[in-house]
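Using the UniProt record's numbering, you'd call the opening residue of the sequence shown number 1 and step up by one each time.
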Amino acid sequence: MQAKKGDAVQVHYTGKLEDGSVFDSSANREPLGFTLGDGNMIKGFDTAVDGMKLGDKVTVTIPAVEAYGERREDMMIDVPIAQVPADIKPEIGLSLTLQGGNGQPMPVTVVGVDAEKITLDANHQLAGKDLIFDIELVKVN
1 MQAKKGDAVQ VHYTGKLEDG SVFDSSANRE PLGFTLGDGN MIKGFDTAVD
51 GMKLGDKVTV TIPAVEAYGE RREDMMIDVP IAQVPADIKP EIGLSLTLQG
101 GNGQPMPVTV VGVDAEKITL DANHQLAGKD LIFDIELVKV N
């Protein structure tokens, strides 16, 4: 059976960066289930699974533009130090969650701290990176 748009599929996968470090894997977990082509997966992953046959294994390199996009400078946010809540001790690498304009949570990372401001990076942590996935199609409905 070949996977096509609209199919409910399950895959096992390992996601790696170009240096070989693993950032995510379904190893020792249930396979990842999703509907092919419904927009809930990164474009390159969806494209890689489309057309696979049950039991197929592939390794694909997904360019940043088809993954989490390029890093964007407009996603860097400066916050005056006076506006930082007193219970937060800003330090580089600290992960925080802001409330976006539409009320959705927006994860950010502190990337700069000085006497006047902190700088937050709202880019996805994998933005600007090409991703390598080993994918095995284990179920098609």
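Just so you know, even glycine gets a beta-carbon here, dropped at the ideal spot from N, CA and C.
- Under a 10 Å Cβ-count criterion, Val-9 is classified as buried, with 16 or more other Cβ atoms of the shown protein chains found around its own Cβ.
- Three or more beta-carbon pairs drawn from the region 126-135 and the region 6-22 are found closer than 8 Å, and the two stretches are therefore classed as touching.
- The residue among Thr-59, Lys-53, Leu-54 and Gln-125 with its C-alpha nearest the C-alpha of Gly-44 is Thr-59.
- Excluding the 5 residues flanking it on each side, Ala-64 has same chain C-beta neighbours closer than 6 Å at Glu-70, Gly-128, Lys-129 and Asp-130, in chain order.
- In the three-state reduction of the DSSP assignment, Gly-44 falls in the helix class, which pools H, G and I.
- Around the beta carbon of Ile-42, a 10 Å sphere encloses 16 or more other beta carbons of the protein chains shown; the residue is thus reported as buried.
- The alpha carbon of Val-110 has as its nearest neighbour, out of Ala-122, Asp-87 and Gln-99, the alpha carbon of Ala-122.
- Between the C-alpha atoms of Glu-66 and Gly-6 there is a straight-line separation of about 20 Å.
- Boundaries of the beta strand (DSSP E) around Ser-25: 22-25.
- For the 8 Å CB-CB criterion, Asp-78 and Thr-119 form a contact.
- By the Cβ neighbour-count rule, Ile-62 is buried, with 16 or more other Cβ atoms within 10 Å of its own.
- Among the bridge pairs identified by DSSP, Asp-121 is matched with Met-76 and Thr-109.
- Here Asp-134 is bridged, per DSSP, to Thr-14 and Thr-59.
- CA-to-CA, the gap between Met-1 and Pro-31 works out to about 18 Å.
- Cα atoms of Ala-82 and Val-22: separation of roughly 38 Å, rounded to the nearest angstrom.
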